[in-house]
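Visitor:
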Amino acid sequence: MCGIFGYFNLNDSQVFYDLGKYSETRGKEASGYMRIDKNNSDILKFPLPFSDSSVKNHILKDKNQKNKKTFIGHTRLKTHGDERLEANNQPVLSKNTFVVHNGIIVNYKDLIKEFNLKTESDLDSEVIPQLINFFLENNDFSISLKSTIEHLGGEVSISGYNSDTQKYFLFTNTGSIYYLINNGKIVFFSSEEWICRKIQDNYKISGELKKLEPNTGIILNSNFDIEEIFEQQCFGVEKNPIYLDVIINNFKNKKIIEPVLNRCSNCVLPDTVPFIEFDKKGICNFCNEHETHKRGDVTDVMNKLKEEKNIVVGFSGGRDSSYGLSYLKDRLNSNFVAVSYDWGMVTDLARRNQARVVGKLGVEHVWVSADIAKKRNNIKKNFLAWLSKPHLGMVPILMAGDKEWQKQLLKAAENKGTEYIVQFQSPFEHTYFKYGFAGIKPIFSSTNETPSIIKKYKFLLQLLFFYLYNFIKNPKYLNSTIFDSIKGFFIFYLKRGKIISLFEYIEYIEKDVNNYLEKNFMWECDPSTPTTWRIGDGTAPLYNYIYWIYAGFTENDFYRSNQIREGQISRQQALEMVIIENQPRFDEIKNYCELIDVDYDFVMDSLKKIEDNSLVSEWNK
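Quick note: the sequence shown uses this note's numbering, first residue 172, plus one each step.
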């Protein structure tokens, strides 16, 4: 989830600095690098972006070096571990082995126990150099490196150096390393192709740009000659994965709270849903207007995608994108890249599941990171503004920062020279009530009818007016976040590109998807909820809690109702599900508060002070 990069036999450290600066798109919470020559080596780490002036000064202080050196660097996307502690940043060192790592080792805790490793940080990456040294005691370097890789589980792209053997190495199980080679020597490398091309073009460096294929490694000697190219898979797995059936059984013994609601006699939508109407039989208008989902021809779509050299795939790490990515891999092999965007509220669970999937599939994985600290501070400002004048229609403002993911997909497509973006949205996850709480009747009904251009722009103008009106009505929204919010709005609704929604063409059966992910990837579930939807979104527990306590329903009610209409589950099954799935996830809400630096008790007390019916009635004014 970070950026790794390096330059061998370097004359100008400006080149290395630019490699790191461009790699900040993958993480800017911390940075570090190792500097190696034949006589000595050292490591520098910073709880700062690579482009920070203090980091830059360290790198460029001897720009024109008399002695050629190797630089291998890292830009960090924070997963777990406080970046202010030097031990929690990279490169990681054990004895005389240096390593930088991009990805997540999902079984690192099991490896610590199995090999009795002595860790000094919260980093999963720390086990890699320790394992190399462990196997190096009785083997040569090549065998020790391969043995280490074999025991790792998850997403693994690494580079490093062992000073005892004077060996350099590169390895990836996803194909997320590109390198420039000239006369049998690797000149530089990076996590992404566009960075390598930009460095090559800017500095007119001769050589051939190549991709390190999934499950492939390279060992270099002290003269930077390629000594060995090898193939090795990661086979490490977790000993005790959390399966969904265990979670469901645990919920059977919990005290369940059910709001008293009047629900549709066909689906489970209550009368607190905006713009809901019931006929004489008690059936809601969402059911009466529903048309069975009609899928397109998947063969035609696959043939079209096969013709493309590159395809960008939006990959959140949720169940839908994980299943969809595997589906594409089976049918398209390797002509696509998975792109993820971290806006500060992606859960560690989502990252671990991403690592499980791309690591096993061998799919190139591009992470784009926002300024996490800035994004979380924006969320804090908007949330405090919302608490000062609550309105259910304004709840989506808490997620405004994540809308930029659409822009990042378009940018990734441009870097890969493709127009096509594949996304994975199940046909059941439409949550039109969010527009309803803004006083806007959704034009996107439960039918397959495509709204006209006039209706779309009328809808968007209404939505934009609603937000602008509430910004003026509540001046606390008029802070530094407003530009982020407006930008996110226009990007999400107006800048789309050529998008192919996979589940418009293939059947989506939730149970089959869950079973497939569990069987093939040991996919991790959230112990706080028996649903597998939205578990990678760190904001969902809070905003669904708000909807639940003041309107009596959440996104889950809409999801299950859509499944009823498509004949996948019965009303009784749906009702049993939503009663359990809607239970407050207080631990996750507390974690949300910690991430954005607001007091949990203050938040819960503030929510309790809001009159139960005030927010529900507000949308109808």
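We put the beta carbon where it would ideally sit given N, CA and C, even for glycine.
Hey, could you find the ends of the beta strand (DSSP E) residue 204 is sitting in?
Guide: That run of the beta strand (DSSP E) goes 201–207.
Visitor: Tell me, please, whether the segment 571–582 touches the segment 650–657 by the rule of three or more beta-carbon pairs shorter than 8 Å.
Guide: These segments touch.
Visitor: Just to confirm the assignment: which complete alpha helix (DSSP H) runs, minimum length 4, are found wholly within the segment 694–740?
Guide: If we require 4 residues or more, the alpha helix (DSSP H) runs fully inside the segment 694–740 come out as 711–722, 726–736.
Visitor: So what does DSSP say about residue 266, is it helix, strand or coil?
Guide: Reduced to three states, the DSSP call for residue 266 is coil.
Visitor: If we require 4 or more residues per run, which alpha helix (DSSP H) segments fall completely within the segment 376–432?
Guide: List check, alpha helix (DSSP H) in window: 415–422.
Visitor: Just how far apart, CA to CA, sit residue 627 and residue 601?
Guide: Each residue's alpha carbon lies about 16 Å from the other.
Visitor: Report the rounded CA-to-CA distance for residue 564 versus residue 446, giving the unit in angstroms.
Guide: If you take the alpha carbons of residue 564 and residue 446, they lie about 13 Å apart.
Visitor: Using a 10 Å radius around the Cβ and a threshold of 16 neighbouring Cβ atoms, would you call residue 617 buried or exposed?
Guide: At residue 617 the pLDDT is 48, less than 50, meaning the model places this residue with poor confidence; the figure from the coordinates comes in the next sentence. When all chains shown are included, residue 617 counts as buried.
Visitor: Using 8 Å as the threshold, is the C-beta distance between residue 411 and residue 707 below it?
Guide: No, the Cβ-Cβ distance between residue 411 and residue 707 is not below 8 Å.
Visitor: Look at the Cβ atom of residue 484, then the Cβ atom of residue 358, and state whether they are nearer than 8 Å.
Guide: No, the Cβ-Cβ distance between residue 484 and residue 358 is not below 8 Å.
Visitor: Going by DSSP in three states, residue 534 sits in which element: helix, strand or coil?
Guide: Coil at residue 534, not helix or strand.
Visitor: I want to see whether chain B comes within less than 8 Å of residue 582, judged by CB atoms only; does it?
Guide: You won't find chain B in this structure, because it holds only one protein chain.
Visitor: Can you name the start and end residues of the alpha helix (DSSP H) that residue 869 belongs to?
Guide: Residue numbering for the chain in the displayed model covers 172 to 792; residue 869 lies beyond these limits and cannot be assessed.
Visitor: Would residue 751 and residue 422 qualify as a contact pair, given that the criterion is a beta-carbon distance under 8 Å?
Guide: Closer than 8 Å, so yes.
Visitor: So, with DSSP's three-state summary, where would you put residue 619?
Guide: Below a pLDDT of 50, predicted positions are generally treated as unreliable, and residue 619, at 48, falls in that range; the measurement from the model is reported next regardless. Reduced to three states, the DSSP call for residue 619 is coil.
Visitor: Going by DSSP in three states, residue 223 sits in which element: helix, strand or coil?
Guide: Looking at residue 223 - three-state DSSP - the assignment turns out to be coil, as it is neither helix nor strand.
Visitor: Buried or exposed, going by whether 16 or more other CB atoms sit within 10 Å of the CB of residue 386?
Guide: Label assigned to residue 386: buried.
Visitor: Would you check if there are 3 or more beta carbon pairs closer than 8 Å linking the segment 360–368 to the segment 189–204?
Guide: A contact exists between the segment 360–368 and the segment 189–204.
Visitor: What residue range does the alpha helix (DSSP H) around residue 186 cover?
Guide: It spans 184–194 - the alpha helix (DSSP H) in which residue 186 sits, taken as one unbroken run.
Visitor: Tell me residue 181's beta-bridge partners as DSSP assigns them.
Guide: According to DSSP, residue 181 bridges with 240.
Visitor: Below 8 Å, can you find three or more Cβ-Cβ pairs linking the segment 546–561 to the segment 526–533?
Guide: Cβ pair count under 8 Å is below three, so no.
Visitor: Name, in chain order, the residues that DSSP records as bridge partners for residue 272.
Guide: 329.
Visitor: Between 400, 407, 401, which lies nearest to residue 283 when the distance is taken from Cα to Cα?
Guide: The option with the nearest alpha carbon to residue 283 is 407.
Visitor: Give me the residue from 402, 633, 424, 472 with the minimum Cα distance to residue 533.
Guide: For the residues 402, 633, 424, 472, the minimum Cα distance to residue 533 belongs to 402.
Visitor: Under a Cβ-count criterion, where at least 16 other Cβ atoms within 10 Å of its own Cβ denotes burial, should residue 753 be classed as buried or exposed?
Guide: So residue 753 ends up on the buried side.
Visitor: With a 10 Å radius around its C-beta and 16 neighbouring C-beta atoms as the bar for buried, classify residue 466 as buried or exposed.
Guide: So residue 466 counts as exposed.
Visitor: In the DSSP assignment, what are the bridge partners of residue 484?
Guide: The partner list for residue 484 (beta bridge, DSSP) reads 509, 593.
Visitor: Can you give me the Cβ contacts of residue 778 inside the same chain, cut-off strictly under 6 Å, excluding the 5 residues immediately before and after it?
Guide: Here the set comprises nothing.
Visitor: Could you tell me the alpha carbon to alpha carbon distance between residue 549 and residue 320, rounded to whole angstroms?
Guide: Distance between the alpha carbons of residue 549 and residue 320: 40 Å.
Visitor: Tell me whether residue 566 sits in a helix, a strand or coil according to DSSP, three-state version.
Guide: DSSP places residue 566 in helix when its eight states are reduced to three.
Visitor: Below 8 Å on the Cβ atoms is my contact criterion, and I expect residue 388 with residue 340 to pass it. Report the Cβ-Cβ distance as a whole number of Å.
Guide: About 6 Å separates the two Cβ atoms, so the contact holds.
Visitor: Return the chain-ordered list of same chain residues with a C-beta closer than 7 Å to the C-beta of residue 710, the five sequence neighbours on each side being excluded.
Guide: These residues qualify, in order along the chain: 516, 569, 570, 763.
Visitor: Taking the DSSP output, what are the residues bridged to residue 174?
Guide: According to DSSP, residue 174 bridges with 246.
Visitor: Skipping 5 residues on each side, what residues in its chain have a beta carbon closer than 7 Å to that of residue 286?
Guide: Within the same chain, residue 286 has close Cβ partners 302, 305.
Visitor: State the DSSP-derived secondary structure class of residue 792, mapped to helix, strand or coil.
Guide: Confidence is the limiting factor: at residue 792 the pLDDT is only 41, short of 50, which leaves the residue's position unreliable and the question unanswerable from this model.
Visitor: Determine the closest residue to residue 535 out of 496, 552, 546, with distance taken between C-alpha atoms.
Guide: Selected option, being the one with the closest Cα: 496.
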